[in-house]
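Here is the structure we will look at, set down as structure tokens.
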Amino acid sequence: MKKNIRNYDLDDLKEELKNLSEKPFRAEQIFSWLYREKVSTFDEMTNLSLDLRKKLQEDYFVGSFQIEHKLVSKDGTKKYLFNVCDDQNNLIETVLMQYHHGFTVCVSSQIGCKMGCKFCASTGIPFMRNLEVGEIVQQIMEIEKDENIRISNIVFMGIGEPLDNFENVMKAIAILNHPKGLNIGARHISISTSGLVPKIYELVDRQLQCTLSISLHSANNETRSSMMPINQTYPIEELMDACRYYIEKTNKRISFEYALAKENNDNIEDAKELVKLLKGMLVHVNLIPINQIEDGNYIKSTNKNILKFRDYLNEHGIVATIRRELGSDINAACGQLRRQNLSEKRGR
Ligand code: SAH
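Numbering (our numbering), first residue to last: 46 to 393.
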């Protein structure tokens, strides 16, 4: 079966070319055609011999998606539903947001998710599979082409748990970040995790330069476990040990995400516990007014409570900001993404 050439980062591509008895610099040429010139066929790679182009064509293909659906929010946010063009015509969602500093894409890392967070719209949809390296990168490439823009920031905050698809996410980042690839600075790429503790240690070992966000949502094990089943495997104490290790070794700030739900985790008592937990650490807290999902038990906090919560944190030495909500009218805001199936889409 032919393999998607986008599944290989530059190091892997050199290996592949070696197996074809070709020199490593050929890999650099191919990489540059794919990500600099953005060609979609081997025929266009005119500095390769006809013979090599033929060999490549026999073993590989250049992956691409089809846009099934594109929704535009009144705030300019755009949500794409892509057909990944695999055997099952699986669909994934990707969101494009515009900020004053440039364009950010919120990418999916899996088809479905295993984490089962109670407040998230991806929950309840069966986990299908990990996205391949090429499929992660393709999300950015398709949007750049469709909108004729350059993406400056990537957040792994779409569907899926990026650290549960660790190797593929690492390789996709290698392609996104490489100067001969899409050349997006590591500091402009952030990974968000529900808290897979062993993988946080692994991020440190790999000396990854990306930004790390932790979905915390409560400083209290009982409340956090009721919202996020993963907390039963890796409770807050273990998560915080990993975070302290990460900060100590990388000297980088961690961003904690905290989705505020009325009378669940938005009282001053909750803020007090959070201050106690994070005091003295190099962190930033991102407060998100929780987005209510269909059949969900969580209700958005009042604006008054959100401001009170933020002010309490700031007054007690924890830097906290409220995340601007984008794309909620097209179900593209935090936690609203879900893998839609065709019948659902047709029914709309
Ligand atoms: N699995 C990863 C990344 C995907 S979710 C993670 O858990 O971090 C991206 C962010 O959206 C996470 O912080 C998640 O907790 C948050 N989120 C999920 N559902 C939400 C909702 N209904 N309202 C607000 N934020 C939500």
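For each residue, glycine too, the CB sits at the ideal point set by N, CA and C.
Please return the same chain residues whose Cβ sits closer than 8 Å to the Cβ of residue i, not counting the five positions on each side in sequence.
i, result
"I50", "L58, I75, L79, L101, Y105, F106, V107, G108, G179"
"V214", "S154, I181, F201, P207, L208, I236"
"C165", "C158, I338, G380"
"E283", "V242"
"L322", "A264, I281, M285"
"I137", "L126, F127, V129, S153, I156, L176, E180, Q184, G203, I204, R384"
"H329", "R298, I299, S300, F301, V364, A365, T366"
Decide if residue i is buried, meaning its Cβ has at least 16 other Cβ atoms within 10 Å, or exposed.
i, result
"R269", "buried"
"F127", "buried"
"K123", "buried"
"E360", "exposed"
"N228", "exposed"
"E67", "buried"
"F211", "buried"
"D54", "buried"
"S388", "Because the pLDDT at S388 is just 41, under 50, the model does not fix this residue reliably, and the point stays unresolved."
"G325", "exposed"
"A205", "The question names Ala, but residue 205 in the sequence shown is Gly. The residue is buried, with at least 16 neighbouring Cβ atoms inside 10 Å."
"L65", "exposed"
"S260", "buried"
"F70", "exposed"
"T256", "buried"
"K119", "exposed"
Does DSSP put residue i in a helix, a strand or coil?
i, result
"K390", "Annotation note: pLDDT 47 at K390 (below 50); position unreliable, coordinate value reported separately. Three-state DSSP puts K390 in a helix."
"Q183", "helix"
"N222", "helix"
"L327", "coil"
"K59", "helix"
"S85", "coil"
"P274", "coil"
"Y291", "helix"
"F164", "coil"
"A377", "coil"
"Y279", "coil"
"M285", "helix"
"I204", "coil"
"D120", "coil"
"M215", "helix"
"L227", "coil"
"R251", "coil"
Would you list the residues sitting across from residue i in a DSSP beta bridge?
i, result
"R174", "I156"
"G147", "Y144"
"S260", "E302"
"Y125", "K115, T139"
"L332", "Y303, I367"
"I234", "I199"
"F106", "N49"
"K345", "A306"
Between residue i and the rest of its own chain, which residues show a CB-CB distance below 7 Å, the 5 nearest in sequence each way excluded?
i, result
"P280", "N266"
"I337", "One point to set straight first is that residue 337 is Gln, not Ile, in the sequence displayed. Hits under 7 Å: Y343, I344, K345."
"I194", "F148"
"K47", "D104, Y105, F106"
"F354", "L305, D311, A316, L332"
"Q143", "G121"
"N52", "E177, V178, G179"
"Y246", "A287, Y290"
To which residues of the same chain is residue i closer than 6 Å at the C-beta, ignoring the five residues directly before and after it?
i, result
"E187", "F110"
"S258", "S235, S237, S300, E302"
"L319", "A264"
"A377", "T122, K124, V140"
"K159", "F172"
"K163", "M272"
"G226", "Y80, I220"
"R393", "Model confidence at R393 stands at a pLDDT of 36, short of 50, so the residue's coordinates are unreliable; what they give is reported in the following sentence. So no residue of the chain qualifies."
"I185", "V150, I196"
"L116", "K124, I375"
Using 8 Å as the limit for Cβ to Cβ distance, is residue i near chain B?
i, result
"K225", "This model lacks chain B altogether, as it is built from one protein chain only."
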